[in-house]
Every structure is written in structure tokens, then in C-alpha cells.
Amino acid sequence: MPRLWAGIDAGKTHHHCVAIDEDGRRVLSRRVANNETELLALITDVLGIAESEEVVWATDLNQGGAALVISLLVDHGQPVLYIPGRTVHHASRTYRGDGKSDAKDAAIIADQARMRRDLQPIRGADEIAVELRLLVSHRTDLVCDRTRAFNRLRANLLQYFPALETAFDYSRRKGSLVLLTKYQTPDGIRRAGAPRIEAWLRKQGVRSPAELAQTAVEAANRQHTTITGQKTGAMLVAKLAADILRLTREIEETEDLIEARFREHGHAEILLSVPGFGPQLAAEFIAATGGTMTRYESADRLAGVAGLAPVPRDSGRISGNHHRPKRYDRRLLRACYLSAQVAANHCPLSQAYYTRKRAEGKSHKQAVLALARRRINVIWALLRDGRPFEQRAPAAAQAA
Numbered sequence: 298m299p300r301l302w303a304g305i306d307a308g309k310t311h312h313h314c315v316a317i318d319e320d321g322r323r324v325l326s327r328r329v330a331n332n333e334t335e336l337l338a339l340i341t342d343v344l345g346i347a348e349s350e351e352v353v354w355a356t357d358l359n360q361g362g363a364a365l366v367i368s369l370l371v372d373h374g375q376p377v378l379y380i381p382g383r384t385v386h387h388a389s390r391t392y393r394g395d396g397k398s399d400a401k402d403a404a405i406i407a408d409q410a411r412m413r414r415d416l417q418p419i420r421g422a423d424e425i426a427v428e429l430r431l432l433v434s435h436r437t438d439l440v441c442d443r444t445r446a447f448n449r450l451r452a453n454l455l456q457y458f459p460a461l462e463t464a465f466d467y468s469r470r471k472g473s474l475v476l477l478t479k480y481q482t483p484d485g486i487r488r489a490g491a492p493r494i495e496a497w498l499r500k501q502g503v504r505s506p507a508e509l510a511q512t513a514v515e516a517a518n519r520q521h522t523t524i525t526g527q528k529t530g531a532m533l534v535a536k537l538a539a540d541i542l543r544l545t546r547e548i549e550e551t552e553d554l555i556e557a558r559f560r561e562h563g564h565a566e567i568l569l570s571v572p573g574f575g576p577q578l579a580a581e582f583i584a585a586t587g588g589t590m591t592r593y594e595s596a597d598r599l600a601g602v603a604g605l606a607p608v609p610r611d612s613g614r615i616s617g618n619h620h621r622p623k624r625y626d627r628r629l630l631r632a633c634y635l636s637a638q639v640a641a642n643h644c645p646l647s648q649a650y651y652t653r654k655r656a657e658g659k660s661h662k663q664a665v666l667a668l669a670r671r672r673i674n675v676i677w678a679l680l681r682d683g684r685p686f687e688q689r690a691p692a693a694a695q696a697a
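Residue numbers (the working numbering): 298 to 697.
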């Protein structure tokens, strides 16, 4: 039985730690800077108060600003529990007073760790999984930046040259973006002419330069009016097009890094053998799960974390009332859902299950979620046993 419970309200520059005893009395309350010297001093003082008895630590963050203190605690062999910030927020309503402070939150974290037995321990990080999480997050940021740039480019182009805005699907044709880095206005395109534009595009290594040049000239011939603000708009469009091309290169480079690092993981070949998983989605799965199944005692637990297990809402005579959970890992759900959607199109076994669910009256989204939930059982068992997926025909699988 632990003697002390230490709760840490983690922050970017400072943390607040409160330690309580078996009766819930505070024996330490301290604000410490997020640096190694002060954190080591805190750990030493708390262990000194415990007098060789066990101390259970708990924090409301499991990465980010709390990464250093968690690493130090793990290196010292200290058990660390993770209490999500949302749980701390809801639990604070059951404590006296409406005030909020870092010290109060740290005390609530410590008290919840003292009373609850269902909290998830933070284990030593899988180095590849941590690196994949950083790379996947970086790729997501780059994709979001590129999407915003696409939207701004189309909005600016629509402001002064709507014919060219509708002429291309800029998110699918790289050559159209290369075109905009030099030619953005109707009069400029007409002056250059199709042959000169085609020659320049060909020099840039663009695919189908003649078609692109002809389409641009046709759009320019449909507009002979110069709209106010065209000069500034064209300057912004050229800059945004160059930014999108740069972001696309960065995304491709990041995806290459993700694939290379993912293939070094011990579960890489197993996940790639599962229909619907490619290197990118499988890397997202590894990043979300931490690279090991030891933290999930069953496939049901993994499904719950992924948001694929329905939650009952029964009361009185009402039973069998289920709804989607509100607390789940959205990154993990995304990887499971997208891989199931791909499998439903290309894997005969998954396609048969998806078709059966649609025949039962489920929508496309419900059928894919049901398939993703079924696949969780398979993925968890494969990773637990360390064996690859074996493709079987739908009839043989049903008989088995």
C-alpha cells in the first residue's frame, strides 16, 4: 500500500506538485520550474518524506510539457498514473469551493490517484513510436497549412480572375500551381500566348504542358476586364502557389521519413499484412497506441480507447440504448476507420462483412465503424501473438 500520492498539475514552464498521505492530508505543496535540477530536487524531497515507502505519482499530461518530469520519474523507477485533464475538470466539481488554482488541481490529481483503481499507468516510451508521433503530428500540421493555403489561393484568384479559378483543380494538378508562380492575370497570359507558356512549363518539368497552356489561354480570353486590386491579388496568388509547392515537398519528405522509421518497428510487417493498412496509416496506428499492446489488457479495451465500442445509456425500463462515446483517441479512430474503409473496397473478407451490414440497414458510416470494430479484434490478436495476417476467402472464414 503506497504511503504517499503525488499529483502534478503540469504546465509549459512550471508544474505544481501536491503530495498527500493515506488520509488525504497535504504533506507537500510546491511550484517547480520545468527543468531537470528543480524536478530532481522535488523527487528527492517527496521520496524523503515517504521514508522508503512507495509513492504513486499522477499527472494530467502524458506528453508535451510533462515529458521531462515523466522521463525522470520513469528513470527513478517511480510508478506514474495518467489522469486526463477532462477527468480532473469534472472531478473538481465534487470538491469544496468554486476556486481554481494549480495547487487545487494538483491536490485533486493526487486524491483521484489515491481513490481510483482504473487509471492508466504511463510506461516507458517506445522510441520509434514517440518519433512516429512527432512526425505524424508534423505531417498533419503541414497538411492543414497546405489546405488553408489552397483556400486562400482560390479566394484571391476568384476576386480578380474567376475564369482561371474554375479552370483547374489546383489540389490535384501540380502543373497548375507551377503556372501560377509566373502567370496569374488575364492580360499577362494573353501576352505570353500558349506556345511560350507551354515552353516554359515544359522547362519546369510539368506534365501535359500543352493542355495546361491552352486551358489558361482560353480562360484569359473569357475575361478582358481588369478588376480593381488585380496587381496585389496576382502577387498574393504567386506567393501562395509557391508556398503550396514548398509545403507539398515538405509533406513528401516527411512521409518518406515516416515510412523509413515505421519499417524499423517490430510490428511493421504485421500491420502491413492487414488489408487496408499502408505505411502511413500503420505509422499513425503505432503512434497512437505507443507501439505495444501491453497497455491494453484486451481487444475490448483497445476498441474503447479508439471510440469503436458503443456506450450504454440505460435507465429504469430502458435498456439496449447505446450511443457513441465522447472520450476517445481521435488519432486512433482515424487510423482504424480509414483502414477499414480501404479494406471494405479491396479485401473480399472485409467487403463481405461490409455488404452484410449494409443489408441490415446500416448506413455507410455505421457499416465501416462496425467493420473497424471487428478488425480491432484481429489486429490486437496479431500484435499480441506476433504473427502476420493470413488472407482467407469469405466462405472459408465464415465456416471457421
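Quick reminder that beta carbons are idealized off the backbone N, C-alpha and C, glycines included.
As the structure is a computational prediction, the values presented were derived from the model and not from experiment.
If you follow the alpha helix (DSSP H) that ASP402 is in, where does it begin and where does it stop? Here residue 402 refers to the residue found at position 105 when the sequence shown is read from its first residue. Counting along the chain, the alpha helix (DSSP H) containing ASP402 begins and ends at 399-412.
Does the distance from the C-beta atom of LEU339 to that of ARG327 stay below 8 Å? Within the sequence shown, numbered from 1, the residue matching residue 339 stands at position 42. Within the sequence shown, numbered from 1, the residue matching residue 327 stands at position 30. Taking 8 Å as the Cβ cut-off, LEU339 and ARG327 qualify as a contacting pair.
When you compare the region 485-503 with the region 543-562, are there three or more beta-carbon pairs, one atom per stretch, that lie closer than 8 Å? no
With distance defined between alpha-carbon atoms, name the residue in ALA513, THR478, VAL475 nearest to GLY490. For the purposes of this step, residue 490 is taken as residue 193 along the sequence shown, with counting starting at 1. When each option's Cα is compared against that of GLY490, the closest is ALA513.
Taking 8 Å as the threshold (C-beta atoms), are ILE305 and ILE406 in contact? As a first step, residue 406 is located in the sequence shown; it is residue number 109 there, counting from the start. As a first step, residue 305 is located in the sequence shown; it is residue number 8 there, counting from the start. Contact: yes.
Tell me the DSSP secondary structure of CYS644 in three-state form. Counting from 1 along the sequence shown, the entry for residue 644 is found at position 347. Coil at CYS644, not helix or strand.
Assign MET590 to buried or exposed, taking buried as 16 or more other Cβ atoms, counted over all protein chains shown, within 10 Å of its Cβ. For this step, residue 590 is matched to residue 293 along the sequence shown. Per the 10 Å Cβ criterion, buried.
Starting from ALA316, trace the alpha helix (DSSP H) both ways and give me its first and last residue. Along the sequence shown, one-based indexing puts residue 316 at 19. Looking at the DSSP string, ALA316 is not in any alpha helix (DSSP H); the run it does join, the beta strand (DSSP E), is 311-317.
Relative to the C-alpha of THR334, which residue among HIS311, SER349, VAL324 is closest? Within the sequence shown, residue 334 is the residue found at index 37, counting from 1. Of the listed residues, the one whose Cα sits closest to THR334 is HIS311.
Runs of alpha helix (DSSP H) lying entirely within the region 465-519, each at least 4 residues, in chain order: 471-477, 483-500, 506-518
Grab me the residues of LEU439's own chain with a C-beta within less than 7 Å of its C-beta, minus the 5 sequence neighbours each way, in chain order. In the sequence shown, counting from the first residue as 1, residue 439 sits at position 142. Excluding positions up to five away in sequence, the list reads LEU544, GLU547, ILE548, THR551.
Since ASP306 sits in a beta bridge, which residues does DSSP pair it with? Walking along the sequence shown from the start, residue 306 turns up at place 9. Paired residue(s): HIS313.
Based on Cα-Cα distance, which residue from GLY382, PRO299, HIS661, ALA585 lies nearest to ILE425? Reading the sequence shown from its first residue, position 128 is the one you call residue 425. Comparing Cα-Cα distances from ILE425 to each of GLY382, PRO299, HIS661, ALA585, the minimum goes to ALA585.
Who pairs with TRP354 in a beta bridge, going by DSSP? As a position in the sequence shown, residue 354 is number 57, starting the count at 1. The partner list for TRP354 (beta bridge, DSSP) reads ALA303, VAL377.
Within the continuous beta strand (DSSP E) that includes SER326, where are the two ends? As a first step, residue 326 is located in the sequence shown; it is residue number 29 there, counting from the start. Where SER326 is concerned, the enclosing beta strand (DSSP E) stretches over 323-330.
Complete alpha helix (DSSP H) runs within the region 565-616 (minimum length 4 residues, chain order): 565-570, 576-586, 596-603
Assuming ASP408 contacts GLY321 under a Cβ cut-off of 8 Å, what Cβ separation, rounded to an integer in Å, is found between them? Reading the sequence shown from its first residue, position 111 is the one you call residue 408. Reading the sequence shown from its first residue, position 24 is the one you call residue 321. Correct: roughly 6 Å between the Cβ atoms.
If you draw a straight line from the alpha carbon of LEU358 to that of LYS528, how long is it in whole angstroms? Against the sequence shown, residue 358 aligns to sequence position 61. Against the sequence shown, residue 528 aligns to sequence position 231. Computed Cα separation, rounded: 49 Å.
In three-state terms, what does DSSP make of PRO418? By 1-based counting over the sequence shown, the position of residue 418 is 121. Three-state DSSP puts PRO418 in a strand.
Measuring CB atoms only, is the region 340-359 touching the region 373-391, in the sense that at least three cross pairs come out at less than 8 Å? yes
Is the Cβ-Cβ distance between ALA516 and ALA452 less than 8 Å? Here residue 516 refers to the residue found at position 219 of the sequence shown. Here residue 452 refers to the residue found at position 155 of the sequence shown. In this structure, ALA452 does not lie closer than 8 Å to ALA516 by Cβ.
According to the Cβ coordinates, are THR478 and ALA535 closer than 8 Å? To locate residue 478, count along the sequence shown from 1; it is residue 181. To locate residue 535, count along the sequence shown from 1; it is residue 238. Yes, these two residues count as a Cβ contact at 8 Å.
Could you spell out the range, first to last residue, of the alpha helix (DSSP H) harbouring ALA364? Taking the sequence shown and counting its residues from 1, the one referred to as residue 364 is at position 67. Looking at the DSSP string, the run of the alpha helix (DSSP H) that includes ALA364 is 364-372.
Based on Cα-Cα distance, which residue from VAL608, THR384, ARG430, LYS654 lies nearest to GLN577? As a first step, residue 577 must be located in the sequence shown, where it is residue number 280. Relative to the Cα of GLN577, the nearest Cα in the group VAL608, THR384, ARG430, LYS654 belongs to ARG430.
Residues near VAL639 in its chain [Cβ-Cβ closer than 7 Å; skip 5 each side]: The residue labelled residue 639 in the question sits at position 342 within the sequence shown. The residues are GLY573.
Is GLN456 helix, strand or coil when you go by DSSP? By one-based count along the sequence shown, residue 456 stands at place 159. Helix, per DSSP.
Taking all protein chains shown into account, decide if HIS661 is buried (16 or more other Cβ within 10 angstroms of its Cβ) or exposed. As a position in the sequence shown, residue 661 is number 364, starting the count at 1. Result: exposed.
Answer with buried or exposed for GLU348, where buried requires no fewer than 16 other C-beta atoms within 10 angstroms of its C-beta. The count along the sequence shown starts at 1 and reaches residue 348 at position 51. Answer is exposed; the Cβ neighbour count stays below 16.
With distance defined between alpha-carbon atoms, name the residue in PRO506, HIS435, ALA410, GLY601 nearest to VAL315. Counting from one through the sequence shown, the residue named residue 315 turns up at place 18. Ranking the options by Cα distance to VAL315, first place goes to ALA410.
In whole angstroms, what separates the C-alpha of ALA697 from that of ARG689? Counted from its first residue, the sequence shown places residue 697 at position 400. Counted from its first residue, the sequence shown places residue 689 at position 392. Residue placement at ALA697 is flagged as unreliable, the pLDDT there being 44, under the threshold of 50; the coordinate-derived value follows with that caveat. For ALA697 and ARG689, the distance between alpha carbons rounds to 10 Å.
Looking at the structure shown, is GLY683 part of a helix, part of a strand, or coil, going by DSSP? One-based indexing of the sequence shown puts residue 683 at position 386. Under the three-state reduction of DSSP, GLY683 is assigned to coil, being neither helix nor strand.
Please report the residue range of the alpha helix (DSSP H) in which ARG558 lies. For this step, residue 558 is matched to residue 261 along the sequence shown. ARG558 -> alpha helix (DSSP H) spans 527-559.
Comparing C-alpha positions only, which one of PRO492, GLY345, ARG684 sits nearest to HIS564? For the purposes of this step, residue 564 is taken as residue 267 along the sequence shown, with counting starting at 1. Per the Cα distances, ARG684.
Where does ALA697 sit, in a helix, a strand or coil, going by DSSP? Within the sequence shown, numbered from 1, the residue matching residue 697 stands at position 400. Annotation note: pLDDT 44 at ALA697 (below 50); position unreliable, no value reported.
Roughly how many whole angstroms lie between the Cα atoms of GLU575 and PRO607? Sequence index remark: in the sequence shown, residue 575 carries index 278 (1-based). Sequence index remark: in the sequence shown, residue 607 carries index 310 (1-based). Here the sequence assigns Gly to residue 575, which means Glu is not the residue at that position. Taking the straight line from one Cα to the other gives about 27 Å.
TYR625 versus ASP597: straight-line alpha-carbon distance, rounded: For the purposes of this step, residue 625 is taken as the residue at position 328 of the sequence shown. For the purposes of this step, residue 597 is taken as the residue at position 300 of the sequence shown. So the two alpha carbons sit approximately 13 Å from each other.
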